[in-house]
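Since the structure comes first, as structure tokens, the remarks are kept for the end.
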């Protein structure tokens with residue numbers, strides 16, 4: 015797997031510091047699904063975070079594969095509620111796919127130890143994956159290892175790269191054990207499926223995204239609003255939304 019440069023996630027590179035968490039939501043811009051319609055849907059959902067410009071991406075050796083174009087949404091609180099109605103990132107992806115009649119992929123990397131990935135097409139869940147079922151459900155004595163790797167074929171087709179199914183399955187099935195780094199899994203998947211190469215660097219927002227778009231090109235939304243109005247709404251929604259659903263309380 016790829017070597018991730020120090021500080022790519024917005025941290026200091028201090029090995030003693032806990033790894034940060036981050037999340038991304040990719041919506042494929044194709045046909046009737048435009049970048050503008052994605053932004054409108056995120057605004058209506060009262061999303062809080064950053065929205066990238068539309069990003070055309072090619073893999074290392076795409077050959078005749080189509081070049082996917084994505085709009086990427088980065089939640090401010092990836093482990094908690096990211097939009098109105100106390101919506102999580104994976105719930106938001108499902109809602110957007112249904113609303114837009116399109117494709118949406120959501121990933122949450124929890125402190126480099128756990129990757130959750132869902133993929134939805136037009137209101138139907140195609141992929142529901144966790145890299146470590148025991149960490150995701152610690153009270154379930156039968157939960158262990160990766161779950162949902164069988165969705166590799168569906169994920170590859172949704173991204174327009176059906177030929178990558180076998181390699182995607184191998185990556186999703188890989189049990190990292192104690193030597194876990196879920197960002198490396200995301201980078202490797204992205205190379206196969208045509209995702210933006212800077213996804214693992216979004217933790218640098220609002221300062222910078224390593225090898226990604228300029229921060230000023232991201233649209234900042236707070237409860238679906240921009241500017242001063244967004245700042246006010248953002249403060250109000252923080253009272254209602256939880257920032258980390260993995261914590262008790």
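Numbering (the working numbering), first residue to last: 15 to 263. Note that the Cβ used here is the ideal one computed from N, Cα and C, for glycine as well. If you're wondering where the values come from, they're calculated on a predicted model, not measured in any experiment.
Would you tell me roughly how many angstroms separate the C-alpha atoms of residue 142 and residue 37, rounded to the nearest one? Counted from its first residue, the chain shown places residue 142 at position 128. Counted from its first residue, the chain shown places residue 37 at position 23. The straight-line gap from Cα to Cα measures roughly 15 Å.
Own chain, CB closer than 6 Å to residue 91, minus 5 neighbours either side, in chain order:
As a first step, residue 91 must be located in the chain shown, where it is residue number 77. So the list reads 257, once near-sequence residues are dropped.
ask   = When DSSP labels each residue in this structure, what does residue 205 get in the three-state scheme?
value = Looking up residue 205 in the chain shown gives position 191. Residue state, collapsed to three classes: helix.
From the DSSP output, read off the bridge partner residues of residue 101. For the purposes of this step, residue 101 is taken as the residue at position 87 of the chain shown. 97, per the DSSP bridge assignment.
Bridge-paired residues (DSSP) for residue 130 | Walking along the chain shown from the start, residue 130 turns up at place 116. Paired residues: 122, 144.
Within 10 angstroms of the Cβ of residue 237, are there 16 or more other Cβ atoms? Answer buried if so, exposed if not. To locate residue 237, count along the chain shown from 1; it is residue 223. Buried, by the Cβ-count rule.
Thinking C-alpha only, which one of 159, 180, 153 is nearest residue 166? To locate residue 166, count along the chain shown from 1; it is residue 152. Comparing Cα positions, the closest option is 180.
Measuring alpha carbon to alpha carbon, tell me which residue in 197, 105, 84 is nearest residue 45. For this step, residue 45 is matched to residue 31 along the chain shown. The candidate whose alpha carbon is nearest that of residue 45 is 84.
message = Using a 10 Å radius around the Cβ and a threshold of 16 neighbouring Cβ atoms, would you call residue 288 buried or exposed?
response = A question about residue 288 goes unanswered here, because the residues of the chain that appear run from 15 up to 263.
Q) What separation, rounded to the nearest whole angstrom, lies between the Cα atoms of residue 100 and residue 255? A) The sequence position of residue 100 within the chain shown is 86, counting from 1. The sequence position of residue 255 within the chain shown is 241, counting from 1. When rounded, the distance between both Cα atoms is 6 Å.
| message | Suppose the cutoff is 8 Å on Cβ atoms and the five residues either side in sequence are ignored; what does the same chain contact list for residue 104 look like? | response | Mapped onto the chain shown, residue 104 falls at position 90. Answer for residue 104: 120, 122, 130, 132, listed in chain order.
_Going by DSSP in three states, residue 111 sits in which element: helix, strand or coil?_
Taking the chain shown and counting its residues from 1, the one referred to as residue 111 is at position 97. Here DSSP, grouped into helix, strand and coil, assigns residue 111 to helix.
| If you draw a straight line from the C-alpha of residue 138 to the C-alpha of residue 94, how long is it? | Locating residue 138 in the chain shown gives position 124, where the first residue counts as 1. Locating residue 94 in the chain shown gives position 80, where the first residue counts as 1. Residue 138 and residue 94 have their C-alpha atoms some 23 Å from each other.
(Q) Here's a check: name, in chain order, each residue in its chain whose Cβ is nearer than 6 Å to the Cβ of residue 60, leaving out the five neighbours to either side. (A) Residue mapping note: residue 60 aligns to position 46 of the chain shown, counting from 1. 97, 98, 237, 238, listed in sequence order.
Q) According to DSSP, what are the bridge partners of residue 39? A) As a working mapping, residue 39 is identified with position 25 in the chain shown. Note: residue 39 sits in a beta bridge opposite 87, 120.
Note to self: At the level of alpha carbons, what is the spacing between residue 112 and residue 136?
What the structure shows: By one-based count along the chain shown, residue 112 stands at place 98. By one-based count along the chain shown, residue 136 stands at place 122. Residue 112 and residue 136 have their C-alpha atoms some 4 Å from each other.
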